[in-house]
Structures are given as C-alpha cells and as structure tokens.
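Below is one structure, written out as structure tokens; the observations come after it.
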Amino acid sequence: MREPSDRVRNAFETAGSFEQIDETTWRSTTTAFEGRIEAEPIAVAGSDEERTTRDRSDQAGSDADGTDPDPSVRFAFDVTVVVPMLDAVTEDAVAEVVEDGWFDTFERRIEDVSGITRRSRDLDPGVRRDGDDIVVEVSLADANPERGVEDARAFVDFVEGTYVQGIIPGYDYADPVAGLLSRARTQGTAGDV
Numbered sequence: 001m002r003e004p005s006d007r008v009r010n011a012f013e014t015a016g017s018f019e020q021i022d023e024t025t026w027r028s029t030t031t032a033f034e035g036r037i038e039a040e041p042i043a044v045a046g047s048d049e050e051r052t053t054r055d056r057s058d059q060a061g062s063d064a065d066g067t068d069p070d071p072s073v074r075f076a077f078d079v080t081v082v083v084p085m086l087d088a089v090t091e092d093a094v095a096e097v098v099e100d101g102w103f104d105t106f107e108r109r110i111e112d113v114s115g116i117t118r119r120s121r122d123l124d125p126g127v128r129r130d131g132d133d134i135v136v137e138v139s140l141a142d143a144n145p146e147r148g149v150e151d152a153r154a155f156v157d158f159v160e161g162t163y164v165q166g167i168i169p170g171y172d173y174a175d176p177v178a179g180l181l182s183r184a185r186t187q188g189t190a191g192d193v
C-alpha cells in the first residue's frame, strides 16, 4: 500500500491541471484566477468495521494504480480561489453601489453550488472581500484522492465560470478578465457554423 501523501500527489499529477507549490499545496494551471488546493491525509475515527462500511460507498473502487485504499485514511481538500472585484479589472471606475450589488449577486451564486462534483456533496463555500479581491473557500473530504482532486478542480472551475457569467457589460476590462471575455467570444463564434 502506498503512503497517503503519494496517493494525493499521484492524483494531482494524473489530473494534469495543477502544479505543486509545496508538500501539501497545489495551484490550478488551467484557470485565469488563482486557485489553490491544500490536500492532506486525515485519520478516520471509528472501528475498522465502521470505517469499512462507511467507506464502501465513498470509494470508487481501487486507486488509479490498482491499490486498495486504506479505509482508515481520508483526504481533506481545502480549496481557495481568489478573484478580483470589478473595479480592480476595469479601465473605468465602477460605482460603489454597482460593485456592492455585483458582489452580493456573485456571493449568492457561489453559495448555490450544487451538482458540479462527481460525488453528491453538501458544499458550504465561504465568500469574503479582501481589499480588491474576493476570496472563495470550501473544504471537502474523500477516501478516494482522485475523486477528491476532481471535485476540488470542479469547484475552482465553477468559481471562474460564475465570475465570467456575472461580468457586467459596458465596461472596458483589463486582464485577466479581458482575456476570458475574448476567449468566450472566440469559442462562441466558432460554434456558429
């Protein structure tokens, strides 16, 4: 049986959309905004029989390399995505009332997360302002590190997609938002055959 930290590392490498920052932290390489995931093994309380019964439905079979997961270990994934407030990425000033309303809408959309993960989860994301940024955080746990990484990546993608959907027309945007809008326009017109 492999060490838990090796299982997590392998799951991130297999996903192909992260780079390792330190022993427990990975950064998304496929999104325009900063998405980081801290992943660590955690011990599961309870008897061997309780853990095995609980984890049968939690595990999607063996790990990618064919080894059976250790039912006494789960993996905690703490996901943080940082996105800019509108005024930080527009050439023009955004009125405070507009930015406050936009933030409130963004927060409600993020909190309404559902159906984005492989496994049914009751995610409870936190959304807060931090100067010119918005910090979005969520935690999840899984006995299967591959599924945990996929679900964490899905949340990072969800935050970026939600941000793009909420962009207010009529402003001149700077990068990374200008690049996201350009890419969306290109993909949108490419589909018009």
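Heads up, the sequence shown is in the UniProt record's numbering, so the first residue is 1 and it goes up one at a time. Ideal Cβ placement from N, Cα and C applies to all residues, glycine included. This structure is a prediction, so every number in the text was calculated from the model and none was measured.
- The C-beta distance from Val-79 to Val-156 rounds to 6 Å, short enough to fall under 8 Å.
- Annotation for Glu-38: the continuous beta strand (DSSP E) segment containing it runs 34-43.
- Leaving aside the five residues that flank Ile-21 on each side, the residues in its chain whose CB is nearer than 6 Å to its CB run, in chain order, Arg-27.
- Taking C-beta separations shorter than 7 Å and ignoring five residues to either side along the sequence, the partners of Thr-24 in its chain run Glu-38, Ala-39, Glu-40, following chain order.
- The C-beta separation of Ile-110 from Val-73 comes to about 30 Å, leaving the pair out of contact by the 8 Å criterion.
- Taking 8 Å as the upper bound for CB-CB distance, Val-97 and Leu-86 are not in contact here, some 12 Å apart.
- Counted as a single uninterrupted DSSP element, the beta strand (DSSP E) harbouring Gly-126 occupies residues 126-130.
- Taking a 10 Å sphere around the C-beta of Glu-146, we find 16 or more other C-beta atoms and assign the residue as buried.
- Between the alpha carbons of Ile-168 and Gly-179 lies a distance of about 15 Å.
- Judged by DSSP in its simplified three-state form, Arg-118 adopts coil rather than helix or strand.
- For Ile-134, the three-state secondary structure derived from DSSP is strand.
- The criterion of a C-beta distance shorter than 8 Å is satisfied by Val-149 and Phe-12.
- No residue range can be given for Thr-24, since it is assigned to no beta strand (DSSP E) and is classified by DSSP as neither H nor E.
- Taking C-alpha positions only, Arg-183 is separated from Gly-161 by approximately 13 Å.
- A buried status is given to Asp-151, since no fewer than 16 other beta-carbon atoms sit within 10 Å of its beta-carbon.
- Excluding five sequence positions before and after Phe-77, the CB atoms of its chain that fall closer than 8 Å to its own CB belong to Ile-37, Glu-38, Ala-39, Ser-139, Leu-140, Ala-141, Asp-142, Gly-148, Val-149, Asp-151, Ala-152, given in chain order.
- Around the C-beta of Arg-128, fewer than 16 other C-beta atoms lie within 10 Å, and the residue is accordingly described as exposed.
- In the three-state reduction of the DSSP assignment, Thr-31 falls in the coil class.
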